[in-house]
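Novice: Dropping the structure in here first, questions after.
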Amino acid sequence: MLNPYQKNAVEVEMRLLEATIRNVLRLIRETPGDGLLTRVRRFPIGNCSRLEALLDAMSGEVAAVVREFDLQPQDEAIGRRIRAEMAVAWSDLHEVLSKKLRGYGKVDPLLSTSLDPHLRRLIQLTMEVSHLVDEKP
């Protein structure tokens, strides 16, 4: 019914949707606390049971698609996901170095000695995390 390329596309989308469902469930069941730069606005508790029911229905549909089209699970290395997250963070941190902030207006020359060392340390730490989770054969 599906050619190999179509099957792959459907498998990838079902995998992504399954991860999204798990993430939403985690958010409503284990609401994170406030961070240094984020204040968490709680989800209305009265809507939780309805939301969980909808997410369960979505999971059921994903399961039906998996069965009907014989979609196959894929092993996921957590280290690989962590490395991907760190690669994005590494890139994003480079984008706020003082020399890149010129795109937002005049840059205070002191930023290169006040902000940049923190950013460069964070960039280095992202690389260290990536190396730490590297899978060795």
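Just so it is clear: in the sequence shown, position 50 is 49 by numbering that gives the first Met the number 0, and no numbers are missing.
Glycine included, C-beta positions come from ideal geometry on N, C-alpha and C.
I need the boundaries of the alpha helix (DSSP H) containing residue 25, first residue and last residue.
Specialist: Start and end: 3 to 28.
Novice: What's the C-alpha gap between residue 26 and residue 15?
Specialist: Approximately 16 angstroms, taken between the alpha carbons.
Novice: If you compare alpha carbons, which of 75, 52 and 2 is closest to residue 169?
Specialist: Missing from the structure shown is residue 169; the chain here goes from 0 to 136 and no further.
Novice: If you pair each beta-carbon of the segment 72 to 86 with each one of the segment 116 to 132, do three or more pairs fall below 8 angstroms?
Specialist: A contact exists between the segment 72 to 86 and the segment 116 to 132.
Novice: Counting pairs of beta carbons, one from the segment 80 to 92 and one from the segment 51 to 64, are three or more of them closer than 8 angstroms?
Specialist: No: the two stretches stay apart, fewer than three of their Cβ pairs being nearer than 8 angstroms.
Novice: In whole angstroms, give me the CA-to-CA distance for residue 21 and residue 106.
Specialist: Their Cα atoms are separated by approximately 42 angstroms.
Novice: Taking DSSP as the reference, what is the three-state secondary structure of residue 75?
Specialist: Residue 75 falls in the coil class under three-state DSSP.
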